[in-house]
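Student: Numbering (mature numbering (1 follows the signal peptide of the UniProt record, and there is no 0)), first residue to last: -26 to -1, 1 to 332.
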Amino acid sequence: MKTNFKISFVFLCSALIALGSCNNDAEIIENGNVPFGEGIFVVNEGNTQTNTGEITFFNPSTGDKSQNIFSKVNDMDLGIYVQSIHGHLNKGYISVDNMNRLYVVNLDNFELEGIVEEIGKPQGFLGLNEQKGYVSLWGESGTGTEVAVINLQDYTVSKRITVGTGPKEMLLNGNDLIVLNSGGFSSANSISIINTQNDEVTQTITVGDNPNSLVSDRSGNIWVLCGGRYKSDWSGLETPGQLLKINGSNYSIEEVLDFESEFSQPSRLRINSAGDELYFTYDGHVRKLQMEGELSQGEVLLNRSFYGFAYNPNDGMLYGTDPRDFASSGWVIRFSPEGVLQDSIQAGIIPSQLLFNY
């Protein structure tokens, strides 16, 4: 059985990105009917002008790359505002916001195996076992409060669980599903704990404003990154960004760090494979924080930020995405764990999240 690692992104153009050009030596596979499997799947959100939400596949070992693999393999459009792709038991689950659908594909050949419908603005997926998975939903208003329980045998919704506003990222902690209530198109400040054995909410925990990402460390602690809330006139932050350390056993908040900037919102919290280093974007930089010692804003690792950012637990590389002008093809950029530029590939319109499938 393969283990699927999802990550939020980064590849590298080189310093030439700033000059508007990138070199790419990866072979471009024009035929979509190729084996995929192990490698990197890149979500390209697409935009309203081009209707070009798609998936790019790249194999770092061989250098092979294939664009628009969903439409090439399945002869149908994916839609726009593609939010994420998550792997579970060798299947990919693609959340497409404007289509109100979750597409299920085989990760070896990317053939469509099923569609989950009647779900409003799906954001992310988490698979529990062969029978059940969960999808976070924003609803038609963008301020929805539901997580849908999905029957993975027939791809139907078996239950809807009410959580906080704008549920997005989810994390499994033993028998608990932790749901980050991001606020959607409004604002929120909580996480919901769902018992996966009966699919009932057991706790709601207040955190900072607009939580956006979460991870668990090697000691079982849960780390939640919150962006803070802007003033109504957008002149600055009314509440600061925060990093919270939460006990993974009883969900008590053990430490809180307030970020200093009055304008920058920290986001894209990631963790290394050893579970002892945090990465996140803040104030125009990628920062790294060692968990041992005093909680801080971390050290600057990269002097730039990204639309999407991720850590690859398979090889320790850092990945980031650059959407350029949000209308033409963007780039995925890769750096070493020390922040040294490695290479880059061209992707589609607005590359954002990555699935590392190994």
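The C-beta atom is built at its ideal place from N, Cα and C for all residues, glycine as well.
Can you tell me whether residue 333 is buried or exposed, with buried defined as 16 or more other CB within 10 angstroms of its CB?
Tutor: Residue 333 cannot be examined here, being either before or after the span of the chain that is shown, -26 to 332.
Student: So, G157 versus N125, is the Cβ gap smaller than 8 angstroms?
Tutor: Position 183 of the sequence shown, counted from the start, is the residue given in the question as residue 157. Position 151 of the sequence shown, counted from the start, is the residue given in the question as residue 125. Going by C-beta atoms, G157 is not nearer than 8 angstroms to N125.
Student: Along the alpha helix (DSSP H) that carries residue 335, what are the first and last residues, could you check?
Tutor: Any answer about residue 335 is impossible in this case: the structure gives the chain only from -26 up to 332.
Student: Please identify the residue among E251, S193, N186 whose C-alpha is closest to the C-alpha of T139.
Tutor: The residue given as residue 139 occupies position 165 in the sequence shown. It is N186 whose Cα lies nearest to the Cα of T139.
Student: Can you list, in chain order, the residues of its chain with a C-beta nearer than 8 angstroms to that of R298? Leave out the 5 residues immediately preceding and following it.
Tutor: Translated into positions along the sequence shown, residue 298 becomes position 324. Here the set comprises G304, W305.
Student: Label Q41 either buried or exposed according to how many other C-beta atoms from any shown protein chain fall within 10 Å of its C-beta, with 16 as the threshold for buried.
Tutor: One-based indexing of the sequence shown puts residue 41 at position 67. Flag for Q41 reads buried.
Student: Give me, in chain order, the residues of the same chain whose beta-carbon lies closer than 6 angstroms to that of E114; leave out the 5 immediate sequence neighbours on both sides.
Tutor: For this step, residue 114 is matched to residue 140 along the sequence shown. G94, listed in sequence order.
Student: Which class does W112 belong to by DSSP, given the choice of helix, strand or coil?
Tutor: As a working mapping, residue 112 is identified with position 138 in the sequence shown. The answer is coil: DSSP assigns W112 none of H, G, I, E or B.
Student: Do the CB positions of L263 and G272 come within less than 8 angstroms of each other?
Tutor: For this step, residue 263 is matched to residue 289 along the sequence shown. For this step, residue 272 is matched to residue 298 along the sequence shown. Contact: yes.
Student: In this structure, does DSSP put S(-19) in helix, strand or coil?
Tutor: Numbered from its first residue, the sequence shown carries residue -19 at position 8. Residue confidence for S(-19) is low, a pLDDT of 38 falling below 50, so the modelled location carries little weight; the figure read from the coordinates is stated next. S(-19) falls in the coil class under three-state DSSP.
Student: Helix, strand or coil for T139? Go by DSSP, reduced to three states.
Tutor: Along the sequence shown, read from residue 1 onward, the residue named residue 139 stands at position 165. In this structure, T139 counts as coil in the three-state DSSP scheme.
Student: For F330 and L315, what's the separation of their Cα atoms in angstroms?
Tutor: For the purposes of this step, residue 330 is taken as the residue at position 356 of the sequence shown. For the purposes of this step, residue 315 is taken as the residue at position 341 of the sequence shown. Distance between the alpha carbons of F330 and L315 is about 19 angstroms.
Student: Measuring alpha carbon to alpha carbon, tell me which residue in D82, L86, E174 is nearest D123.
Tutor: Taking the first residue of the sequence shown as position 1, residue 123 is located at position 149. Per the sequence shown, residue 123 should be read as Val rather than Asp. Ranking D82, L86, E174 by Cα distance to V123 puts E174 first.
Student: On the three-state DSSP scale, how would you describe L52?
Tutor: Reading the sequence shown from its first residue, position 78 is the one you call residue 52. It is coil, neither helix nor strand.
Student: Give a yes or no on whether the C-beta atoms belonging to N80 and I54 are separated by under 8 angstroms.
Tutor: Numbered from 1 along the sequence shown, position 106 holds the residue referred to as residue 80. Numbered from 1 along the sequence shown, position 80 holds the residue referred to as residue 54. The answer is no: Cβ separation not under 8 angstroms.
Student: Under a three-way DSSP split, which group does G61 fall into?
Tutor: To locate residue 61, count along the sequence shown from 1; it is residue 87. Of the three classes helix, strand and coil, the one that applies to G61 here is strand, per DSSP.
Student: When burial is assigned at 16 or more other CB atoms within 10 Å of the CB, is Q171 buried or exposed?
Tutor: Here the question's residue 171 lines up with position 197 in the sequence shown. Per the 10 Å Cβ criterion, exposed.
Student: In terms of alpha-carbon separation, which member of D128, N195, G66, F10 lies closest to Q105?
Tutor: Here residue 105 is taken as the residue at index 131 of the sequence shown, counted from 1. When only C-alpha atoms are compared, the closest one is D128.
Student: Please identify the residue among T295, T36, C200, I220 whose C-alpha is closest to the C-alpha of L211.
Tutor: Looking up residue 211 in the sequence shown gives position 237. Here the closest residue by C-alpha is C200.
Student: Considering only the alpha carbon of each residue, which of I135, E92, L100, I245 lies closest to R192?
Tutor: One-based indexing of the sequence shown puts residue 192 at position 218. Considering only alpha carbons, the answer is I245.
Student: Quick check on R278: buried or exposed, where buried means 16 or more other Cβ atoms within 10 Å of its Cβ?
Tutor: On the sequence shown, residue 278 is found 304 positions in, with the first residue counted as 1. By the 10 Å Cβ count, R278 comes out exposed.
Student: Measure the C-alpha to C-alpha separation of G(-7) and I29 and round it to an integer number of angstroms.
Tutor: Indexing the sequence shown from 1 puts residue -7 at position 20. Indexing the sequence shown from 1 puts residue 29 at position 55. At G(-7) the pLDDT is 35, less than 50, meaning the model places this residue with poor confidence; the figure from the coordinates comes in the next sentence. Looking at the two C-alpha atoms, the distance is approximately 23 angstroms.
Student: May I have the straight-line CA-CA distance separating D(-2) from K39, to the nearest angstrom?
Tutor: Counted from its first residue, the sequence shown places residue -2 at position 25. Counted from its first residue, the sequence shown places residue 39 at position 65. Bear in mind that the predicted position of D(-2) carries a pLDDT of just 32, short of 50, making it unreliable; the figure below should be weighed with that in mind. C-alpha separation (whole angstroms): 10 angstroms.
Student: Apply the 10 Å Cβ neighbour rule to I2 and answer buried if 16 or more other Cβ atoms are within range, or exposed otherwise.
Tutor: Counting from one through the sequence shown, the residue named residue 2 turns up at place 28. Confidence is the limiting factor: at I2 the pLDDT is only 34, short of 50, which leaves the residue's position unreliable, though a coordinate-based value still follows. Burial call: exposed.
Student: In the DSSP assignment, find the unbroken beta strand (DSSP E) run with D71 in it and report its ends.
Tutor: The count along the sequence shown starts at 1 and reaches residue 71 at position 97. Neither: D71 is in no beta strand (DSSP E) and is coded neither H nor E.
Student: Tell me, to the nearest whole angstrom, how far the beta carbon of V17 is from that of I43; I am working on the premise that it is less than 8 angstroms.
Tutor: What you label residue 17 is simply residue 43 of the sequence shown in a count that begins at 1. What you label residue 43 is simply residue 69 of the sequence shown in a count that begins at 1. Going by Cβ atoms, the distance from V17 to I43 rounds to 12 angstroms, so no, they are not a contact pair.
Student: Mapping the DSSP letters down to three states, classify T213 as helix, strand or coil.
Tutor: Counted from its first residue, the sequence shown places residue 213 at position 239. Looking at T213 - three-state DSSP - the assignment turns out to be strand.
Student: Measuring alpha carbon to alpha carbon, tell me which residue in K219, S160, F233 is nearest I227.
Tutor: For the purposes of this step, residue 227 is taken as the residue at position 253 of the sequence shown. Taking only the C-alpha atoms, the option nearest I227 is K219.
Student: Would you kindly report the start and end of the unbroken beta strand (DSSP E) that includes Y281?
Tutor: Along the sequence shown, one-based indexing puts residue 281 at 307. Looking at the DSSP string, Y281 is not in any beta strand (DSSP E), and its letter there is neither H nor E.
Student: Rounded to whole angstroms, what is the Cα-Cα separation between I14 and E143?
Tutor: On the sequence shown, residue 14 is found 40 positions in, with the first residue counted as 1. On the sequence shown, residue 143 is found 169 positions in, with the first residue counted as 1. Their Cα atoms are separated by approximately 20 angstroms.
Student: Tell me the residue span of the beta strand (DSSP E) that contains P297.
Tutor: The residue given as residue 297 occupies position 323 in the sequence shown. Segment: none, P297 is in no beta strand (DSSP E) and carries neither H nor E.
Student: Work out the CA separation of N83 and N33 for me, nearest whole Å.
Tutor: Within the sequence shown, numbered from 1, the residue matching residue 33 stands at position 59. Within the sequence shown, numbered from 1, the residue matching residue 83 stands at position 109. Approximately 14 angstroms, taken between the alpha carbons.
Student: Is A321 helix, strand or coil by DSSP?
Tutor: As a first step, residue 321 is located in the sequence shown; it is residue number 347 there, counting from the start. Looking at A321 - three-state DSSP - the assignment turns out to be strand.
Student: For E92 and L252, what's the separation of their Cα atoms in angstroms?
Tutor: Here residue 92 is taken as the residue at index 118 of the sequence shown, counted from 1. Here residue 252 is taken as the residue at index 278 of the sequence shown, counted from 1. Rounded to whole angstroms, E92 to L252 spans 37 angstroms at the Cα level.
Student: Please go through the same chain and pick out, in chain order, the residues whose beta-carbon is closer than 8 angstroms to the beta-carbon of V260, but skip the five residues on each side of it.
Tutor: Residue 260 sits at position 286 when you count from the first residue of the sequence shown. Taken in chain order, the residues that qualify are Y253, F254, V274, L275, L276, R278, S279, F280, F283, L292, G294, G313.
Student: Using a Cβ-Cβ cutoff of less than 7 angstroms, which residues in the same chain neighbour T180 once the five nearest sequence positions on both sides are dropped?
Tutor: For the purposes of this step, residue 180 is taken as the residue at position 206 of the sequence shown. Excluding sequence neighbours, T180 sits near N163, S164.
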